[in-house]
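Presented below is the structure to which this report refers.
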Amino acid sequence: MNPVHLQTLLAIVEEGSFEVAAAVLGVSPSAVSQRIKALEKETGRVLVRRTNPATATEAGEVLVQAARRMALLQAETNSRLRGRLERVPLSVAVNADSLATWFRPVLADVAGFRSATLRLRIEDEAHTLALLRRGDVLGAITREAAPVSGCDSMPLGMMRYRAVATPELRDAHTRDDGVDWANMPALRFGPNDALQDSDLEGRLDDAVRRHRAISQIPSSEGFLEATRVGLGWSLAPELQVDRLIASGELVLLDATVVQVPLYWQRWRLESDLLERLTASVAAAAAALPAL
């Protein structure tokens with residue numbers, strides 16, 4: 001299979017159009033189109049959906065993943081042979097809570113790799129595996145232990161979440177029988193955030209949960225600040241709220257601990273940089289309670 005054709009397919013998927021891919025590759029749009037047609041003829045499959053943006057078909061995603069692997073190996077090889085800083089892209093999917101807490105030492109480690117660049121994709125840990133399966137990233141923080149085809153899976157530990165609020169918000173929504181979960185304002189990270197709903201199972205039925213006052217804050221740091229100033233109660237990582245509980249700015253609403261297992265899944269590929277990245281993730285995850 002022609003490596004140039006694979007590189008062209010990857011450029012189209014990354015840039016979202018034949019025209020932009022042509023500009024990035026320094027060739028004409030017609031040349032890009034001819035390369036993809038040749039690749040589709042060779043494979044006997046349609047590889048690109050001619051939509052806006054252009055996307056890979058299921059067959060195309062298989063080749064995109066292969067193209068990314070080739071790009072990583074080529075960049076590493078160039079770095080060794082040329083004795084210069086060939087920037088190797090390390091694409092990783094990580095959930096926002098991990099990035100804001102235990103994952104941060106990985107950033108410092110990659111800074112010391114010198115020949116690498118880090119491209120992070122932020123997604124809920126329940127959904128990062130889709131990026132790995134499509135070949136958009138070479139590693140992902142995920143809840144899933146079972147490895148994706150062609151990948152290895154490594155347990156990292158548990159993210160522990162606690163229901164917290166300001167003392168004032170708790171006191172304003174506490175009845176004789178406990179916290180008034182139905183009427184206390186709440187915070188949600190985003191539309192894919194299902195942790196809070198799972199935490200309320202057995203306390204509130206679905207109909208009541210849907211009609212609560214909920215603010216959506218799609219930033220880990222902003223989510224914590226919104227909790228601290230009393231915009232709503234939240235289910236927040238222990239690693240973030242322990243100091244605020246110790247200072248009295250936040251209080252625990254109950255004794256429940258929601259535990260989310262985390263795993264590192266990565267391509268099964270011989271790559272020095274990928275091995276170093278995996279070692280860095282494992283070391284950083286030492287801050288997490290064991291599975």
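Here full-length UniProt numbering is used: position 263 in the sequence shown is 263, and no number is missing along the way.
Here a beta-carbon is modelled for each residue, glycine too, at the ideal position from N, C-alpha and C.
As the structure is a prediction and not an experimental result, all values here were calculated from the model.
- Between PHE18 and GLN74, the alpha-carbon positions lie close to 23 Å from each other.
- Between LEU132 and GLN259 a beta carbon distance of about 23 Å is seen, past the 8 Å cut, so the two are scored as non-contacting.
- Secondary structure at SER153: strand, using DSSP grouped into helix, strand and coil.
- Sequence-distant Cβ neighbours of ALA67 in its own chain, meaning closer than 7 Å and more than five residues away, are LEU6, GLN7, LEU9 and LEU10.
- If one requires a minimum length of 4 residues, the alpha helix (DSSP H) runs lying completely within the stretch 131-186 are 167-172, in chain order.
- Within the same chain, Cβ atoms closer than 6 Å to the Cβ of VAL179 are found at LEU253, the five residues on either side in sequence being excluded.
- By the C-beta density criterion, LEU107 is exposed, having fewer than 16 other C-beta atoms within 10 angstroms.
- The C-beta of ARG268 has fewer than 16 other C-beta atoms within 10 Å across all chains shown, which makes the residue exposed.
- Here the stretch 273-286 lies against the stretch 104-122, with 3 or more beta-carbon pairs under 8 Å apart.
- In the DSSP assignment, TRP102 is bridged to no other residue.
- Of VAL257, LEU72 and LEU169, the smallest CA-CA separation from LEU200 is found for VAL257.
- Non-local beta-carbon contacts of TYR263 in its own chain, meaning distances under 8 Å to residues more than five positions away in sequence, involve ILE141, THR142, ARG143, GLU144, ALA145, SER153, MET154, PRO155 and LEU156 in chain order.
- Ranked by Cα distance from PRO3, the first of GLU42, ALA182, ALA213 and ALA23 is GLU42.
- VAL208 counts as exposed, since fewer than 16 other beta carbons sit within 10 angstroms of its beta carbon.
- Contact between the stretch 105-124 and the stretch 237-252 is absent, with fewer than three C-beta pairs closer than 8 Å.
- A direct Cα-Cα distance of roughly 39 Å separates ALA56 from HIS211.
- If you draw a straight line from the Cα of HIS127 to the Cα of GLU15, it comes to about 22 Å.
- As summarised for the stretch 203-229, the continuous alpha helix (DSSP H) elements at least 4 residues long and confined to that stretch are 206-210 and 220-228, given in chain order.
- Between LEU235 and LEU195 the beta-carbon gap is near 5 Å, inside 8 Å, which marks them as a contact.
- The C-beta distance from VAL13 to VAL64 rounds to 5 Å, short enough to fall under 8 Å.
- Ranked by Cα distance from SER280, the options VAL92, ARG121 and GLY150 are led by VAL92.
- The C-beta of VAL229 has fewer than 16 other C-beta atoms within 10 Å across all chains shown, which makes the residue exposed.
- DSSP places ASP254 within a strand segment (E or B) once states are collapsed to three.
- If you draw a straight line from the Cα of ALA71 to the Cα of ARG35, it is about 18 Å long.
- Annotation for GLU40: VAL46 and LEU47 place their beta carbon closer than 7 Å to its own, counting only its chain and skipping 5 residues before and after.
- The Cβ-Cβ distance between VAL137 and ARG121 falls below 8 Å.
- DSSP, reduced to helix, strand and coil, places PRO237 within a strand of the structure shown.
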